[in-house]
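Q: Residue numbers (the numbering used here), protein chains in the order written: chain A, 1 to 157; chain B, 158 to 321. Idealized CB from N, CA, C, for every residue including glycine. Source: prediction; values computed, not measured.
(1) Does the beta-carbon distance from residue 124 (chain A) to residue 25 (chain A) come in below 8 Å?
(2) Could you tell me whether any Cβ in chain A is nearer than 8 Å to the Cβ of residue 171 (chain B)?
(3) Buried or exposed for residue 246 (chain B), please, with buried defined as at least 16 other CB atoms from any protein chain shown within 10 angstroms of its CB.
(4) Where does residue 83 (chain A) sit, in a helix, a strand or coil, going by DSSP?
(5) Looking only at its chain, what residues have a beta carbon closer than 7 Å to the beta carbon of residue 172 (chain B), apart from the 5 residues adjacent to it on each side?
(6) Can you tell which of B:317, B:255, B:299, B:267 has its C-alpha closest to the C-alpha of residue 103 (chain A)?
(7) Using DSSP's beta-bridge definition, name the partner residues of residue 225 (chain B).
(8) Residue 293 (chain B) CB to nearest chain A CB: under 8 Å?
(9) Please list the partners that residue 301 (chain B) has in chain A, where partner means a Cβ-to-Cβ separation under 7 Å.
(10) List, in chain order, every chain A residue whose beta-carbon is nearer than 9 Å to that of residue 177 (chain B).
(11) Does the distance from the C-beta atom of residue 229 (chain B) to that of residue 318 (chain B) stay below 8 Å?
(12) Going by CA-CA distance only, name the one from A:92, A:106, A:17 that's closest to residue 223 (chain B).
(13) List the DSSP bridge partners of residue 252 (chain B).
(14) Could you list which residues in chain A have their beta carbon closer than 7 Å to that of residue 254 (chain B), in chain order?
(15) Name, in chain order, the residues that DSSP records as bridge partners for residue 10 (chain A).
(16) Leaving out five residues on either side along the sequence, give the residues of the same chain with a beta carbon under 7 Å from the beta carbon of residue 109 (chain A).
(17) For residue 104 (chain A), would you say it is in contact with chain B, using Cβ-to-Cβ distances shorter than 8 Å as the test?
(18) If I measure Cβ to Cβ from residue 249 (chain B) and keep anything under 6 Å in the same chain, skipping five residues before and after, which residues do I get?
(19) For residue 82 (chain A), count neighbouring C-beta atoms within 10 Å of its own C-beta (all shown protein chains included) and say buried if the count is 16 or more, exposed if not.
(20) Between residue 96 (chain A) and chain B, is any beta-carbon pair separated by less than 8 Å?
(21) Can you tell me whether residue 182 (chain B) is helix, strand or coil according to DSSP?
(22) Between the Cα of residue 278 (chain B) and the Cα atoms of B:241, B:290, B:303, which residue gives the shortest distance?
(23) With a threshold of 8 Å between beta-carbons, can residue 13 (chain A) be considered close to chain B, or not?
(24) Using a Cβ-Cβ cut-off of 8 Å (strictly less than) and excluding sequence neighbours within five positions of residue 178 (chain B), which residues of its own chain qualify?
(25) With 8 Å as the C-beta to C-beta threshold (strictly closer), list the residues of the stretch 224-240 of chain B near chain A in chain order.
(26) Chain A beta carbons: is any one of them nearer than 8 Å to that of residue 218 (chain B)?
(27) Given 8 Å as the limit, is there contact between the stretch 71-81 of chain A and the stretch 139-147 of chain A, that is, 3 or more CB pairs closer than that?
(28) Residue 311 (chain B) and residue 175 (chain B) look like a contact to me (Cβ under 8 Å); what is the Cβ gap, rounded to whole Å?
(29) Should residue 36 (chain A) be labelled buried (16 or more other beta-carbon atoms within 10 Å of its own) or exposed?
(30) Given that a residue counts as buried once 16 or more other Cβ atoms are within 10 Å of its Cβ, and exposed if not, what is residue 306 (chain B)?
Dropping the structure here:
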């Protein structure tokens, strides 16, 4: 989604990276692909920074369920930290096998800051029974595709 | 897609740490979804609201393994929903997981987006209910995270409204 308003919405920064390949996610915490990482310096006078991500996960390898556990993190003073109230568990688990694909639009609003910081989505599966693949796509001929990369947009207000 | 926005009529609102809401068979206002559009005339607006939906993880009155099936609609009012309450045509929609299987633990973020017309100083809000007591669920809060349960987390809502 794009908002063309340079006067009020400031420093619109998309993450443009065509090198994405899908990423199997298990129950250990990992950064969600380089395509979710962005270095951002809010313009002076900003009060809020918006981080928007459109993502896809697929059932593979666990057909019975997929649970993405993600959170937004910022990097400053030499360490990554999780932004409060950005934890998110999405997906489904059922009694039978479902080979589901899910697309999500996620928007996080966080207070602005001074200087440059990195932002990223950090994630894992809930447990080993609900592992999934981030950005895995399936082509029309039934083969695994080149990947549905996350589309990330950051701006300030 | 592009929106040519009036810079003076852009509105962003966040509900910080909203309390969990139970979605049952009566319409309720979704916390953080209400706003007033302060204009001097009738205008068109973009309304987009992001909120979190969880299965009924306490397996309460709806019984175990509730399967979410929600009805959602956008309403407007000229008196802050005191007596004037209007369902906006074309905004009714549903959110559900798999309602056929005998169990479906379903969690999602919903981000409905609408374009609609509002009159001077109208209020807008989203309301939600479950189809039946077997389809109840929760908003804003999850009970499981990072392999632990209970491990309750809150997801802040986000409302964006812009005059277009």
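A: Taking the geometry as given:
(1) yes
(2) yes
(3) Burial call: exposed.
(4) Per DSSP, reduced to three states, the secondary structure at residue 83 (chain A) is coil, with no helix or strand assignment.
(5) 188, 189, 313, 314
(6) B:267
(7) Residue 225 (chain B) is not bridged to any residue.
(8) It does not: the Cβ of residue 293 (chain B) has no partner Cβ on chain A nearer than 8 Å.
(9) 89, 126
(10) Neighbours of residue 177 (chain B) on chain A: none; closest Cβ ~13 Å, over 9 Å.
(11) Not a contact, by the Cβ cut-off of 8 Å.
(12) In terms of Cα proximity to residue 223 (chain B), the closest of A:92, A:106, A:17 is A:92.
(13) B:227
(14) 92
(15) A:156
(16) If we look at residue 109 (chain A) and ignore the five residues flanking it on each side, its Cβ neighbours are 48, 50.
(17) yes
(18) If we look at residue 249 (chain B) and ignore the five residues flanking it on each side, its Cβ neighbours are 230.
(19) exposed
(20) yes
(21) coil
(22) B:241
(23) no
(24) 185, 187, 188, 295, 296, 297
(25) none
(26) No answer about residue 218 (chain B) holds up, because its pLDDT of 49 lies below 50 and its placement is not dependable.
(27) no
(28) 7 Å
(29) buried
(30) exposed
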